[in-house]
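The structure appears below as structure tokens.
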Amino acid sequence: MAKEDTPLDQAVFDSALEAELAKGTDRRVAEGRARSAAVRAYRAANPEEAAKHEAAGAKPAAAAAAGGGGTTPAAAAAPAAAAPAAAAPAGAPVAVAAAAVTTPTREAPLPTGNVPTPKKGAEDKHRLLALVPPEGIQRVEREQGDRVNVWPHLLIEEFVAMFILLAGLTLFSTFINAPLRELANPNLTPNPSKAPWYFLGLQELLRYFHPMVAGITIPTFILVGLAAIPYVDRNPSNKPGDRKIAITMFTILFMFGGVLTIIGSFFRGPGYNWVWPWAQGVFFEL
Amino acid sequence: MPYTKTEVDIHEDYTVEAVDPAWLAQGVKSPKHLMLDPDNCILCRACEDVCPWNCIYMMSPGIVTGAAEHAVGDEVDNATAVFVVDDNACTRCSVCVDRCPTDTLYYARLPEGSKGGQRTMAEVPASQAEGV
Ligand code: SF4
Ligand code: SF4
Chain L
1 MAKEDTPLDQ AVFDSALEAE LAKGTDRRVA EGRARSAAVR AYRAANPEEA
51 AKHEAAGAKP AAAAAAGGGG TTPAAAAAPA AAAPAAAAPA GAPVAVAAAA
101 VTTPTREAPL PTGNVPTPKK GAEDKHRLLA LVPPEGIQRV EREQGDRVNV
151 WPHLLIEEFV AMFILLAGLT LFSTFINAPL RELANPNLTP NPSKAPWYFL
201 GLQELLRYFH PMVAGITIPT FILVGLAAIP YVDRNPSNKP GDRKIAITMF
251 TILFMFGGVL TIIGSFFRGP GYNWVWPWAQ GVFFEL
Chain W
1001 MPYTKTEVDI HEDYTVEAVD PAWLAQGVKS PKHLMLDPDN CILCRACEDV
1051 CPWNCIYMMS PGIVTGAAEH AVGDEVDNAT AVFVVDDNAC TRCSVCVDRC
1101 PTDTLYYARL PEGSKGGQRT MAEVPASQAE GV
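Protein sequence lines, in the order shown, are assigned to chains L and W.
For the first sequence, this note's numbering begins at 1 and goes up steadily by one.
For the second sequence, this note's numbering begins at 1001 and goes up steadily by one.
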């Protein structure tokens, strides 16, 4: 690791460390601050050596890129750019020197050899990803917020839901009569002959497509597609802004189904021909 | 030797400020950015370990010396660890996202007006650490 290799000014390190510790700073932080001060002091005092160090650090990367067969111009150019950058702050004021010295040296992994370099003019900033609060993970006994076990948590809820539904259905069918119609008369078929309302969207499709397409292909496509959603859409976010495509697609599909069902229910009359419900009446029963 | 990772000089005197979308847009062109949900993180440092470019770090909160907002400053003082990513170097290679054993890392768009989402996380990345 470069940490051990970095030459630093031992005197500055010791005095900075002592000063930090005297201030009551945490030891890890104090050592870090002292080390950074010492490295900066050393590089300010020995600009040529700092430049050499940068070049030496960059060389293996360039050699590796060449050895790997990929003579990437970007990789070759990077070390050349790094050297002047390190040498530049020699005569500059301390603040600038500190900023330039902290420019990270990155060596490329072998496969590509492309060193990612910040865009020109981009400030050297790091984004704060997260602050881990003390009550975070270390408290192992803490219940994980959004994950529960299937048994008992989920299954109990499902059983309760099942019993409530069963009780409701029993009560409903005790008090409400739902008779069958009279026996069918083959000489008198109903016209129009409509499916239950929830199938009228499909029946409407039959007006436009071959029965094979309307009755099998399209429903299969929709059912398989719905089942595939969790495998296609792996986005864990639950913010609507992060899943615009999914929401748009579902809305379109849903509107198609809704429109077809409404047409099939209210705008189809005898012979399954188009009617206006306000003119010819409604041919619809639940 | 497969490859060398050079230790990047992490600053010891960050101040936390709000993310400037223009600054963020200068990084690798991707509408989504790395996110970390601190609730699930087990501080294993595997993400730090695998990143080929050394651009994600878990650090002691001592590296932050100031914050533009008081609330954030208090949060820093109480924190166990601070995660920092160098968006300019991150190539969105997803190595860390795949490596994380607890699915803590993911990609998402940054909320534009800061106080956006329902997650704690949604507010946190609205702040960033600036090296002085
Ligand atoms: S996505 Fe790749 S480059 Fe970015 S922090 Fe993760 S491992 Fe590093
Ligand atoms: S790999 Fe995941 S759990 Fe481990 S420190 Fe990184 S974010 Fe946290």
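Built from N, CA and C at the ideal position, the CB exists for glycine as well.
Identify the contact partners of residue 1076/W in chain L, using a Cβ-Cβ distance below 8 Å as the criterion.
131
Between the CA atoms of residue 153/L and residue 261/L - distance to the nearest angstrom:
38 Å
What residues in the region 225-247 of chain L bring their beta carbon closer than 9 Å to a beta carbon of chain W?
235, 236, 237, 238, 239, 241 and 242
With a cut-off of 8 Å, do at least 3 Cβ pairs link the region 180-189 of chain L to the region 241-255 of chain L?
no
Any C-beta of chain L sitting closer than 7 Å to the C-beta of residue 1093/W?
no
Under 7 Å Cβ to Cβ from residue 1050/W, same chain only, skipping five residues before and after it: list those, please.
1095, 1096 and 1099
Residue 1090/W beta carbon near ligand 2 (any heavy atom closer than 6 Å)
no
In the DSSP assignment, what are the bridge partners of residue 274/L?
268/L
Taking C-alpha atoms, which residue in 1054/W, 1103/W and 1041/W lies nearest to residue 1082/W?
1041/W
For the putative contact between residue 275/L and residue 283/L, defined by C-beta atoms under 8 Å, what is the C-beta separation to the nearest angstrom?
7 Å
Does at least one heavy atom of ligand 1 sit under 6 Å from the Cβ of residue 1095/W?
yes
Beta carbons nearer than 9 Å to chain W: which residues of the region 171-184 of chain L have them?
none
Taking all protein chains shown into account, decide if residue 1039/W is buried (16 or more other Cβ within 10 angstroms of its Cβ) or exposed.
buried
Mind the definition here: the region 1070-1088 of chain W touches the region 127-134 of chain L only if three or more C-beta pairs lie below 8 Å; say whether that holds.
yes
Tell me which same chain residues have a C-beta within less than 8 Å of the C-beta of residue 37/L, skipping the five on either side of it?
12, 13 and 16
Just checking residue 1100/W against ligand 2 - is the residue's beta carbon closer than 6 Å to any of the ligand's heavy atoms?
yes
With 16 other Cβ atoms within 10 Å as the buried cut-off, status of residue 1034/W:
buried
What number of angstroms, rounded off, separates the C-alpha of residue 211/L from the C-alpha of residue 127/L?
58 Å
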